Every structure is written in structure tokens, then in C-alpha cells.
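Working notes, structure below.
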Amino acid sequence: MIQVIQQVADYIDILSMKNDQLEVVVSNYGCTIMKVLMKDKDGHIDDVVLGYDDFSQYQTLDAYLGALVGRVANRIKLGKFTLNNQEYSLAINNGPNAIHGGIKGFSYQVFDYKILNDETIIFHYLSQDGEEGYPGNLDFYATYTLEGNTLKIQYKATTDQDTLINITNHTYFNLSGKTENIYQHLLTVKADQYACIDKDGLTTGVFNNVKDTPFDFNKPAYIGERVNQDDVQLHIGKGFDHPFILTTYKNQVILEHPKTSRRLSVSTSLPIAQIYTANYLDGRLGKYGQHYYERDAVCIETENLPDAIHLENHPTTILKKGETYDEYTSYKFEVI
Ligand code: BGC
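Heads up: the sequence shown at position 149 corresponds to 130 in our numbering, and the numbers run straight through without jumps.
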């Protein structure tokens, strides 16, 4: 069942998507996932994602809790790029670089929406030519479907001029229900390589093999046993904040919390997952009166390569006029 449970302001609603296994609370503001309520092995229900009690914090703070990120997730070097021989300038909002679609990227926009049926909401946003510096009118749809224990998000976009797109979802997961940090979470990431970053978090174009490093999550490993290891890239990122190059087509990332027997399996059509251990959460007040610190959650940001426009020969983040961007990521929440 899907229903509007609160109207926050004109045109901003909070909706509940609910069935007998899961409840997902979302807003058409930034297509934000505000709550995911799931059972543990004893049937006890907890909220397994971070968020805010005070809705205005989604609008003013910059950690992107639960938000859909666009037009372009992660960093673009120095906020500049050239496309079809034309140079474009973006707002510099992260050190020397542009991040997460700009000052008022998709995470801070009000989407119109339609409840399609008991399981599906279609969010829509027309991003105007020149918005946040990007060319082209981008007609964007995000379809959220809750089917059983799985939330599937489908992204579709078309443009009337060649442009850039790299959508992600920035939900912070903590399967304990945030009774503890994520050190006792087991992580699996099907990846043989990850992209290195510089001190500003920007991908450098160097890809490291995960073998014999703390980045090898091909077999499940506790995040707490890895994140503080003595490794140059972990020091630079202040933890994991790296794009992993995925090698499989299903269940590429799996997060488990053995104490509660909760498991999240992420499947995506996208080639990369940025694993981010919330290294920059600063003690801010979140939901249920709790404060959020580094390592209180992990983000699994499925995407194309950050800064692809500068690093790839055929940048995967270019969307040409007449083409359709069509990707999905699904999140299966189960008790094992
Ligand atoms: C980035 C982090 C950043 C966070 C919040 C992540 O995608 O990789 O470096 O702190 O988003 O903006």
C-alpha cells in the first residue's frame, strides 16, 4: 500500500510504501528515502537508514542522507568540463571540485509524482537547460517499486542536447537500527579493482587491485577489521570513500549484520559502487534524537565512474540527445 502520510509544505509530501515485510518512507523532495523499517530475527522492527527528524535539515544540510543525487554524482575535477568543444563551468562546492550535482542538485529539488499502484511511485523532474551549469533540458524519471522485501529504483532520462548524467542514491545504511556503528557489519563487494582518490576525494584515474589489500571484500569481511588498517588510500579517504569496479551482474554488494540477522543485497545495472563509510558525519542530530558520527553507516552508491568525463576515453556519463539513460538498482532487505 502507498499513501501520503504527511504534507511538509506546498508540493512536498512524505509517503509510506508498505507491505507485510517492509515499510519504506520517502519524500518527493529529492526522492529521499527517509526510513526503511524492517524486522530482525526476533520480529523486532528497526529503522535501518539514517535521516532527520527535522525535515528542514534535508533542505539545508549537505550529507545527502537518503537522497537521490544528480545530475552528476560525486566529483567533477575543478568543476569544469568540455563537451562537443564547448566548456562548461559548475559551482565549486567540495574543496576545489564540484560535487553531487551542484548547490541545488536533484537532492534539493521537488519532484512531481504519481502513485501508479499499490507498489509503485513514479517521481519526475524536468531539469532546465543550464541548471547548475549543465547543458540540455533533462527529462528525468525515478520509479520506486516496493515488491515484497525489495525496493527497486529505476532511473530514466532523456535530453534535448548532449549532456552529462550520473545518478546515484545516497542512503546511509546501518542494519543494527543504529544501536551501534558499522564495525560489526559484514560487507561483500564483488570487485577486483577500485578507483584511487586524491586528498579531495577526486578519482585520479589510477585503479588498484583489491587483492591482498583491505579493499578485498570478495569474501565477506567485517568493516571494523578493515577500515582502520594502515593503507595509503584508506588514510587519504579517512576510511572507505572509493568506487569499486563491479565484476558481477547481480548481488554485487551485500551487507549483513549477524547480531540481528539482517541482510541487504544490492543488485544494479550500473558498473560501480562507491562504498562510503560516512567518514564526514560530524555529530549532527539525526532521527530519534540520535547524533551521527563517522562510521555510523555505510553508503552503497551505485554509479558510473566519478569524473568519467575527464578519465574515460568514451565517458559513460555522457547522455546524447535522442538516447535514453536507463539504469536500475534494487535493494533486498531480508532476515537470514
Ligand atoms: C562522497 C563523500 C562525501 C559524501 C557526502 C560521498 O559520495 O564520496 O566524500 O563526503 O558523499 O557528500
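Just so it is clear, CB atoms sit at the ideal spot from N, CA and C, and this is done for glycine as well. All of these numbers come straight from a predicted model, not from anything done at the bench.
Member of the options whose CA lies at the smallest distance from the CA of residue i
{"i": "THR241", "options": "ASP1, ALA54, PHE314 and THR13", "result": "PHE314"}
{"i": "ILE(-7)", "options": "ILE256, MET19, ALA79 and VAL91", "result": "VAL91"}
{"i": "TYR269", "options": "GLN(-16), ASP35, ASP173 and GLY60", "result": "ASP35"}
{"i": "LYS301", "options": "ASP143, ILE(-5) and TYR89", "result": "ASP143"}
{"i": "GLU206", "options": "GLN165, GLU275 and LYS231", "result": "GLN165"}
{"i": "VAL29", "options": "ILE163, PRO296 and ILE226", "result": "ILE163"}
{"i": "LEU119", "options": "TYR125, TYR106 and THR184", "result": "TYR106"}
{"i": "THR139", "options": "ILE317, TYR312, GLY303 and SER311", "result": "GLY303"}
{"i": "VAL53", "options": "ILE290, LYS200, VAL279 and ILE204", "result": "ILE290"}
{"i": "LEU292", "options": "ASN0, PHE104, PHE62 and ASP27", "result": "PHE62"}
{"i": "THR194", "options": "ALA172, GLY158, GLU161 and THR184", "result": "ALA172"}
{"i": "GLN174", "options": "LYS192, THR185, GLU161 and SER157", "result": "LYS192"}
{"i": "HIS272", "options": "TYR33, ASN199, GLU4 and LEU3", "result": "TYR33"}
{"i": "GLY158", "options": "ILE299, LYS231, GLN255 and LYS16", "result": "LYS16"}
{"i": "HIS223", "options": "VAL170, LYS231, TYR203 and GLY129", "result": "VAL170"}
{"i": "TYR153", "options": "GLN255, GLN(-13), GLU4 and THR297", "result": "GLN255"}
{"i": "ILE103", "options": "ASP110, TYR94 and HIS81", "result": "TYR94"}
{"i": "GLY182", "options": "ALA(-10), GLN(-12), VAL316 and HIS81", "result": "HIS81"}
{"i": "ASN199", "options": "LEU227, ASP141 and LEU59", "result": "LEU227"}
{"i": "THR297", "options": "TYR203, GLU113 and LEU64", "result": "LEU64"}
{"i": "VAL208", "options": "LEU168, PRO239 and VAL(-15)", "result": "LEU168"}
{"i": "ASP1", "options": "ASN155, GLN(-12), VAL7 and ILE(-17)", "result": "ILE(-17)"}
{"i": "GLY86", "options": "LEU127, ILE178 and LEU42", "result": "LEU42"}
{"i": "PHE225", "options": "CYS177, LYS137, LEU3 and ASP288", "result": "CYS177"}
{"i": "ASN98", "options": "LYS219, HIS216 and TYR125", "result": "TYR125"}
{"i": "SER311", "options": "HIS216, GLY83, ASN294 and ILE235", "result": "ILE235"}
{"i": "ARG276", "options": "ASP212, LEU31 and PRO201", "result": "LEU31"}
{"i": "GLU100", "options": "GLY220, GLN214 and GLU128", "result": "GLU128"}
Secondary structure of residue i, DSSP reduced to three states
{"i": "TYR45", "result": "coil"}
{"i": "ARG52", "result": "coil"}
{"i": "ALA123", "result": "strand"}
{"i": "LEU292", "result": "helix"}
{"i": "ARG276", "result": "coil"}
{"i": "TYR10", "result": "strand"}
{"i": "HIS216", "result": "helix"}
{"i": "GLU206", "result": "helix"}
{"i": "GLU237", "result": "strand"}
{"i": "GLN38", "result": "helix"}
{"i": "SER250", "result": "coil"}
{"i": "GLU68", "result": "strand"}
{"i": "TYR306", "result": "strand"}
{"i": "TYR257", "result": "strand"}
{"i": "SER242", "result": "coil"}
{"i": "TYR89", "result": "helix"}
{"i": "GLU315", "result": "strand"}
{"i": "LYS(-1)", "result": "strand"}
{"i": "GLU100", "result": "coil"}
{"i": "TYR269", "result": "helix"}
{"i": "LEU107", "result": "strand"}
{"i": "LEU227", "result": "strand"}
{"i": "LEU59", "result": "helix"}
{"i": "GLY114", "result": "helix"}
{"i": "LYS20", "result": "strand"}
{"i": "ASP28", "result": "strand"}
{"i": "ASN78", "result": "strand"}
{"i": "THR131", "result": "strand"}
{"i": "LEU262", "result": "coil"}
{"i": "THR297", "result": "coil"}
{"i": "LYS95", "result": "strand"}
{"i": "MET(-18)", "result": "coil"}
{"i": "ILE73", "result": "coil"}
{"i": "ILE(-7)", "result": "strand"}
{"i": "ASP222", "result": "strand"}
{"i": "ILE84", "result": "coil"}
Query raised in the report: Does the stretch 142 to 151 come close enough to the stretch 278 to 287 to have 3 or more Cβ pairs within less than 8 Å?
Result: yes
Report task. Evaluate contact between the stretch 48 to 55 and the stretch 1 to 18, counting only Cβ atoms and requiring at least three cross-stretch pairs below 8 Å. Result -> yes
Query raised in the report: Would you say the stretch 293 to 310 touches the stretch 257 to 266, given that touching needs at least three Cβ pairs under 8 Å?
Result: In short, these stretches do not touch, since the Cβ pair count stays below three.
Report task. Measuring from each Cβ to the nearest heavy atom of ligand 2, keep the ones under 5 Å and list them in chain order. Result -> Looking for ligand 2 in the displayed structure turns up nothing; the ligands present are ligand 1.
Query raised in the report: Does the stretch 63 to 80 come close enough to the stretch -8 to 7 to have 3 or more Cβ pairs within less than 8 Å?
Result: no
Query raised in the report: Is there contact here, the stretch 131 to 138 with the stretch 71 to 88, by at least three beta-carbon pairs under 8 Å?
Result: no
Query - Length-filtered (3 minimum) beta strand (DSSP E) runs lying within the stretch 134 to 198 - result: Taking only runs of at least 3 residues, the beta strand (DSSP E) segments lying wholly in the stretch 134 to 198 are 167 to 170, 172 to 178 and 184 to 190.
Query raised in the report: Is it a yes or a no for the stretch 16 to 27 touching the stretch 246 to 257, going by three-plus beta-carbon pairs under 8 Å?
Result: Touching, no.
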